[in-house]
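In my numbering, the protein residues as written are 128 to 314.
Ideal Cβ placement from N, Cα and C applies to all residues, glycine included.
Here the structure is a predicted model, which means the values were calculated and not measured.
Report on the following structure.
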């Protein structure tokens with residue numbers, strides 16, 4: 128029989144998978160890579176659920192998209208999305224969720240200021256990790272020069288990245304304790 132803690136972790140992973148998938152429908156087309164709200168929920172899945180829940184949420188999301196459910200940006204799906212210009216960014220979601228979970232583990236007794244700083248730093252670093260495989264893959268898949276890849280896959284996204292990072296940091300800071308309480312085992 129599954130423990131209450133395992134059930135809670137599974138439910139939370141499913142909820143984050145659903146949030147990531149639902150947020151992919153909110154897109155702003157900007158060249159080969161759209162602006163999506165998805166990245167914020169990817170980071171939050173790790174920050175609030177920890178590295179295991181974050182990774183399982185993102186992996187499930189990617190599998191759903193690969194097998195044909197329309198969960199990628201703008202309701203698209205299929206393995207071709209991973210092979211196309213956005214594939215590296217999708218792979219970067221795994222890094223972001225893992226980093227969000229590993230970095231954002233505030234100590235109960237730490238000051239409010241330290242927790243805010245940790246939340247902001249985590250959201251920025253985890254979100255930035257999406258670009259680590261994303262930009263090289265964009266460059267490779269479209270046979271671009273680095274300057275063109277940066278112009279198409281980074282520069283237009285900086286304002287949105289900062290806004291989504293601020294939102295993830297605020298939500299992570301505000302909700303982390305509640306999520307930790309929810310995940311505590313009662314056995």
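Please state the DSSP three-state secondary structure of residue i.
i: residue 162; result: strand
i: residue 194; result: coil
i: residue 187; result: helix
i: residue 143; result: helix
i: residue 213; result: coil
i: residue 306; result: helix
i: residue 199; result: strand
i: residue 314; result: Low confidence applies to residue 314: its pLDDT is 47, below 50, so where it sits in the model is not reliable enough to give any reading.
i: residue 233; result: coil
i: residue 177; result: helix
i: residue 268; result: helix
i: residue 129; result: coil
i: residue 238; result: coil
i: residue 257; result: coil
i: residue 228; result: helix
i: residue 204; result: coil
i: residue 281; result: coil
Closer than 7 Å by C-beta to residue i: which residues in its own chain qualify, once you throw out the five before and the five after it? Chain order, please.
i: residue 321; result: Since the displayed the chain opens at 128 and closes at 314, residue 321 lies outside it and no answer follows.
i: residue 218; result: 260
i: residue 266; result: 273 and 276
i: residue 160; result: 212, 213, 216, 265, 279 and 280
i: residue 302; result: 175
Alpha carbon to alpha carbon, how far is residue i from residue j?
i: residue 263; j: residue 244; result: 30 Å
i: residue 300; j: residue 222; result: 20 Å
i: residue 189; j: residue 135; result: 21 Å
i: residue 293; j: residue 191; result: 28 Å
i: residue 269; j: residue 193; result: 21 Å
i: residue 288; j: residue 306; result: 24 Å
i: residue 242; j: residue 250; result: 12 Å
i: residue 181; j: residue 295; result: 14 Å
i: residue 167; j: residue 286; result: 13 Å
i: residue 256; j: residue 210; result: 19 Å
Residues in the same chain with beta-carbon distance under 8 Å from residue i, minus the five sequence neighbours each way, listed in chain order, please.
i: residue 152; result: 201 and 202
i: residue 186; result: 221
i: residue 240; result: none
i: residue 297; result: 246
i: residue 314; result: Because residue 314 sits at a pLDDT of 47, beneath the cut-off of 50, its placement in the model cannot be relied upon, and the following sentence gives the value as read from the coordinates. Hits under 8 Å: 130, 131 and 132.
State the beta-bridge partners of residue i as determined by DSSP.
i: residue 155; result: 162
i: residue 288; result: Partner(s): none; residue 288 has no beta bridge.
Kindly list the residues whose CB is nearer than 6 Å to the CB of residue i, restricted to its own chain and excluding five residues on each side of it in sequence; keep chain order.
i: residue 253; result: 170, 223, 226 and 227
i: residue 206; result: 193
i: residue 184; result: 140, 143, 144 and 172
i: residue 208; result: 199
i: residue 164; result: 150 and 153
May I ask you to verify whether the region 186-206 touches the region 143-163, counting CB pairs closer than 8 Å and requiring at least 3?
The region 186-206 makes contact with the region 143-163, as at least three CB pairs between them are under 8 Å.
Touching by the beta-carbon criterion (3+ pairs, under 8 Å), the region 165-178 and the region 226-240:
yes
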